[in-house]
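**Q**
Residue numbers (our numbering): 1 to 86.
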């Protein structure tokens, strides 16, 4: 493409320096919660699934975007990351 420059990096095996970023970032609070079951979405089926899990004695956490709980990642090893309204 016009104006695009392609350069080879790491020719000597050294990595480029990390960029310096002095911009202030907002503090982000992180909370770890542990449970047996995570229900994402509290529509009719989510409510039913949550009620069934509670009835079976499971510890349940529910997340619903309509309540300000946005799921942003689901990872192997039973890890769910969500952003919540604070």
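Beta carbons: idealized from backbone N, C-alpha and C, even for Gly. Computed from a predicted structure; not experimentally measured.
1. Helix, strand or coil, according to DSSP, for residue 73 in the structure here?
2. Tell me which residue opens and which closes the alpha helix (DSSP H) that residue 51 is part of.
3. From the DSSP output, read off the bridge partner residues of residue 60.
4. Alpha carbon to alpha carbon, what distance is there between residue 12 and residue 70?
5. Are there 16 or more other CB atoms within 10 angstroms of the CB of residue 82, so buried, or fewer, so exposed?
**A** Result, derived from the coordinates:
1. Taking the first residue of the chain shown as 1, we reach residue 73 at position 73. Here residue 73 carries a strand assignment [DSSP, helix/strand/coil].
2. Here the question's residue 51 lines up with position 51 in the chain shown. Run containing residue 51: 44-55, per the alpha helix (DSSP H) assignment.
3. Residue numbering aside, residue 60 sits at position 60 when the chain shown is read from its first letter. As DSSP reads the structure, residue 60 sits in a beta bridge with 37.
4. Residue mapping note: residue 70 aligns to position 70 of the chain shown, counting from 1. Residue mapping note: residue 12 aligns to position 12 of the chain shown, counting from 1. The straight-line gap separating the alpha-carbon atoms of residue 70 and residue 12 is approximately 44 Å.
5. Locating residue 82 in the chain shown gives position 82, counting from the first residue. Residue burial annotation: residue 82 is buried, with at least 16 other C-beta atoms found within 10 angstroms of its C-beta.
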